[in-house]
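Notes follow the structure.
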């Protein structure tokens, strides 16, 4: 597994940095069977970018803990990742 940070490490609630998604794509192309984890700024609005780049493991803190229905958010995030990475 490799972890790609999509925020500056340090504290929660930061904005997702889409500029790191080329790193995720490059890792996925080079290592098709690798678990690629993306951490930072992931939410229902940003999950598709990470999943389409090849992330198959995600960390979503603020999006889950700040939600009225955390279970629903988790389900939607999981669904997006599973849909994009069903071949992994």
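Residue numbers (my numbering): 266 to 353. A virtual CB, placed ideally from N, CA and C, is assigned to each residue, including glycine. All values reported here derive from a predicted model rather than from experimental measurement.
With at least 16 other beta carbons inside 10 angstroms of its own, residue 319 counts as buried. DSSP places residue 338 inside the alpha helix (DSSP H), whose first and last residues are 335–349.
Residue environment: residue 343 is assigned as exposed (fewer than 16 neighbouring CB atoms within 10 Å of its CB, all protein chains considered).
Per the DSSP secondary-structure output, residue 268 pairs in a beta bridge with 302. Counted as a single uninterrupted DSSP element, the stretch harbouring residue 289 is not any beta strand (DSSP E) but the alpha helix (DSSP H) occupying residues 286–295. One thing to note: residue 302 has its Cβ no nearer than 7 Å to the Cβ of residue 285. In this structure, residue 345 keeps its C-beta atom at 7 Å or more from the C-beta atom of residue 325.
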